[in-house]
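Q: Chains as they are written, first to last, in the numbering used here: chain A, 2 to 403; chain B, 699 to 1020.
If you scroll down you'll find the structure; I have some questions about it.
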């Protein structure tokens, strides 16, 4: 080994602790969320009986060594290789209520072959074990490892004895007004996450557009128009960015009670606009202020006034800043609990409100909680995967927000 | 030098001519924003202070709540409750605990990750994984970690299945399951870990950007002069990124002071885990004590004011350099 290879080898070995630490940290960060995702697809009985990590274990819970030894070669690993003797069909299995009946078939000849040659016949004990295993597998009680029913239940806001699909199919009496028409139930159920998703969307969109619009106006004035007290007013805005929104809850609540605006979307839109503005103006002003002065000079020379300079010049140029700001404000509103809790609460429940209610009420098990949480993650995750850099840009621009 | 620049800024000669577009126009541009901020931030700032001096339903001055033979702060009676009652002292203790662990923890781990991933090729992926919790809600995070901390229904039955990851690890190591969220002061630590998990992505992102702006030649020169990696980090890198570290520290401090969702969902403030913001919510919407709730809000505001002033100062310094 020459000196150079030794050095390279040393380098690689020396970096192992580095990789180790990074990978451990990444695992610690991801595993809690992974557990939630996996559990949201597991049937409730499984969630409560085994840890979610057991789904990754190599040992297949749907297997029996005796079956593999005596039957699998012909009937297949899953028992359905021979259509005329489908071992997963409960009706077929019901022909053999006792193991002696199975024993009697061993001498039968199928397709010119003895069913089970004498040399490798299971004893009665083994047969009964295989039969009870097969019956358990074929019974409707047997659940798949993963299913989507947790999601169906939370979207329809269903908390019955079994799950929504099973109870509807069986015609079981459903608590409350249920039509078993999924889309109809989504809209009428009190605890439906489907409706909460829509409400969250209704809350979020104007709460993003309004502050951006007004911030663009103000930021233009702060960066390209001169007026008395411009610097002082802006410094004040910088300070207001971190005023905790908690101080506004009671005063605005009282105001809304007087104006009959409790439980209205309008009230929440306006509240988010008010508290979103200082940061939005700050970010927009930093962006607009960094545009070159010459473009405005030439616009004015061409006879533009402040208004046209804003509409035709500043607004189109500010689109990248809108992206960063919009995503930042959107996630803020989408994930908010406190404002929705105080001003909307149960009248127009958003997703964070529904989930927090599910946590505190005893009715909802982990299968519903995990699925509900993931329903609320869908949009933020899409943003995370496709628009992360805008969000990071918004963060780096100085994200300190009330 | 800075003074001089500031003076020049005030000099109207220094403002470009194009910015003079009449006296009314600028106000038309800022009016909508000012109106919103006036109603939703400035009005509450004044109103909350008045409400904090009123009684539980804001109908009379807080003095009415005083009882003979007991100490009384007169019109500031709500503040006596907010600053001296046992529940509130416990709440303050918890917030201090949060500040003491969360702020250095969130900053240091973020810095550690930022420095480490800077040296590897899969930096982007590693950073994305750490950053992911930033986009989800605190309510969602509460569900995620509530599941990690899950405690068996029948803890006395050794066959009772353990489905919480942390207790499964404890059990595999031969221990007994622990009710993480119910034993103080362990539960506070368990909650703070969730906070760190959420906010490390933030500090990492900001600090990572800052580390990349440190000129590589500077670090290389130090290495050539015989400095080891620790010295390079503590003597050169850290002083250079210190302004950013301060930003991260102030931001996490503000977040920690205002923390609400996590406590509201995970423990509801029970088992001695309450924090200021949740206490404030409970006084208003559970106990219907408007005056006390307002007083707590004012205290929260006062805790944040030093950071607010610091923020304005920092901004003015930046403007002077511009």
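Beta carbons are placed, not taken as given, at the ideal position from N, Cα and C, and that holds for glycine.
On a predicted model such as this, the values are computed, not experimentally measured, just so you know.
From residue 806 of chain B to residue 186 of chain A, what distance separates their C-alpha atoms?
A: Going by the C-alpha atoms only, they are around 49 Å apart.
Q: I want to verify the contact list: residues of chain A whose CB lies under 7 Å from the CB of residue 939 of chain B, in sequence order.
A: Going along chain A, no residue has its Cβ under 7 Å from residue 939 of chain B, so there is no contact; the nearest lies around 14 Å.
Q: How would you list, in chain order, the residues of chain B whose beta-carbon sits under 9 Å from the beta-carbon of residue 180 of chain A?
A: Under the 9 Å cutoff, chain B gives no residues; its nearest Cβ is about 29 Å from residue 180 of chain A.
Q: Hey, residue 1 of chain A and residue 283 of chain A: beta-carbon distance below 8 Å or not?
A: Only positions 2 to 403 of chain A appear in this structure, which leaves residue 1 of chain A out of reach.
Q: What does a CB cutoff of less than 8 Å around residue 108 of chain A pick up in its chain, not counting 5 residues either side in sequence?
A: Cβ within range, chain order: 115, 116.
Q: What number of angstroms, rounded off, separates the C-alpha of residue 745 of chain B from the C-alpha of residue 329 of chain A?
A: Rounded to the nearest angstrom, the two C-alpha atoms are 29 Å apart.
Q: Which chain A residues are close to residue 742 of chain B, counting only those with a beta carbon under 7 Å from its beta carbon?
A: Here the neighbours are 248, 249, 252, 253.
Q: Would residue 199 of chain A pass as a contact of residue 269 of chain A if the rule is Cβ separation under 8 Å?
A: Cβ atoms of residue 199 of chain A and residue 269 of chain A: not closer than 8 Å.
Q: Apart from the five residues on each side of it in sequence, which residues of its chain come closer than 7 Å, Cβ to Cβ, to residue 104 of chain A?
A: Closer than 7 Å at Cβ, skipping near neighbours: 125, 128.
Q: According to DSSP, residue 752 of chain B sits in a beta bridge with which residue or residues?
A: Answer is B/759.
Q: Report the neighbours of residue 236 of chain A on chain B: residues whose CB is nearer than 9 Å to its CB, in chain order.
A: What residue 236 of chain A touches in chain B: 1010, 1013, 1014, 1017.
Q: Using a beta-carbon distance cut-off of less than 7 Å, what residues from the stretch 737-765 of chain B approach chain A?
A: Taking 7 Å as the Cβ-Cβ cut-off against chain A, the residues of the stretch 737-765 of chain B that qualify are 737, 738, 739, 741, 742, 743, 745, 746, 749.
Q: Determine, using beta carbons only, whether residue 719 of chain B comes closer than 8 Å to chain A.
A: So, interface residue.
Q: Using a beta-carbon distance below 8 Å, is residue 66 of chain A in contact with chain B?
A: It does not: the Cβ of residue 66 of chain A has no partner Cβ on chain B nearer than 8 Å.
Q: If you check the beta carbons only, do residue 969 of chain B and residue 864 of chain B fall under 8 Å apart?
A: Not in contact: residue 969 of chain B and residue 864 of chain B (Cβ atoms no closer than 8 Å).
Q: Quick one: is residue 377 of chain A near chain B, going by C-beta distance under 8 Å?
A: It does: the Cβ of residue 377 of chain A has a partner Cβ on chain B nearer than 8 Å.
Q: For the 8 Å Cβ check, are there 3 or more pairs between the stretch 990-1001 of chain B and the stretch 747-764 of chain B?
A: Yes, the stretch 990-1001 of chain B touches the stretch 747-764 of chain B.
Q: Rounding to the nearest angstrom, what Cα-Cα distance links residue 682 of chain B and residue 256 of chain A in this structure?
A: No statement about residue 682 of chain B is possible, as the shown extent of chain B runs from 699 to 1020 and does not include it.
Q: Ordered along the chain, which non-local residues of its own chain (more than five positions away) have a Cβ less than 7 Å from that of residue 952 of chain B?
A: Within the same chain, residue 952 of chain B has close Cβ partners 1002, 1005.
Q: Output the distance between the C-alpha atoms of residue 937 of chain B and residue 1017 of chain B, rounded to the nearest integer angstrom.
A: If I take the Cα positions, the gap works out to 22 Å.
Q: Kindly list, in the order they appear in chain A, the residues whose Cβ is closer than 9 Å to that of residue 796 of chain B.
A: None at all; the shortest Cβ gap to chain A is about 15 Å.
Q: Does the distance from the C-beta atom of residue 227 of chain A to that of residue 718 of chain B stay below 8 Å?
A: Yes.
Q: Got a sec: is the Cβ-Cβ distance from residue 34 of chain A to anything in chain B below 8 Å?
A: Interface residue, yes.
Q: 8 Å is my cut-off, CB to CB: does residue 818 of chain B come that close to chain A?
A: Output row for residue 818 of chain B: interface = yes.
Q: Quick check on DSSP: helix, strand or coil for residue 29 of chain A?
A: Residue 29 of chain A: helix per DSSP, three-state reduction.
Q: Which class does residue 904 of chain B belong to by DSSP, given the choice of helix, strand or coil?
A: Residue 904 of chain B falls in the helix class under three-state DSSP.
Q: Candidates A/158, A/87, A/368, A/247: which alpha carbon is nearest residue 135 of chain A's?
A: When only C-alpha atoms are compared, the closest one is A/87.
Q: In chain order, what residues of the same chain have a beta carbon less than 6 Å from the beta carbon of residue 799 of chain B, not counting five sequence neighbours either side?
A: Same-chain partners within the cutoff: 890.
Q: By the 10 Å Cβ neighbour count, where 16 or more other Cβ atoms means buried, how is residue 789 of chain B classified, buried or exposed?
A: Buried, by the Cβ-count rule.
Q: Would you please state the rounded distance, in angstroms, between the beta carbons of residue 975 of chain B and residue 247 of chain A? I believe it to be under 8 Å.
A: Confirmed, about 6 Å.
Q: Would residue 137 of chain A be called buried (16 or more neighbouring beta carbons within 10 Å of its own) or exposed?
A: Residue 137 of chain A comes out exposed.
Q: According to a CB-to-CB cut-off of less than 9 Å, which residues of the stretch 957-981 of chain B neighbour chain A?
A: Taking 9 Å as the Cβ-Cβ cut-off against chain A, the residues of the stretch 957-981 of chain B that qualify are 958, 959, 962, 963, 964, 966, 974, 975, 978, 979.
Q: Taking residue 1007 of chain B as the reference, which of B/954, B/948, B/982 has the closest Cα?
A: Out of B/954, B/948, B/982, B/948 has the C-alpha closest to the C-alpha of residue 1007 of chain B.
Q: By the three-class DSSP mapping on this structure, what secondary structure does residue 242 of chain A have?
A: Residue state, collapsed to three classes: coil.
Q: Relative to the alpha-carbon of residue 813 of chain B, which residue among B/1000, B/1014, B/829, B/903 has its alpha-carbon at the smallest distance?
A: Selected option, being the one with the closest Cα: B/903.
Q: Residue 110 of chain A bridges to which residues according to DSSP?
A: The partner list for residue 110 of chain A (beta bridge, DSSP) reads A/115.
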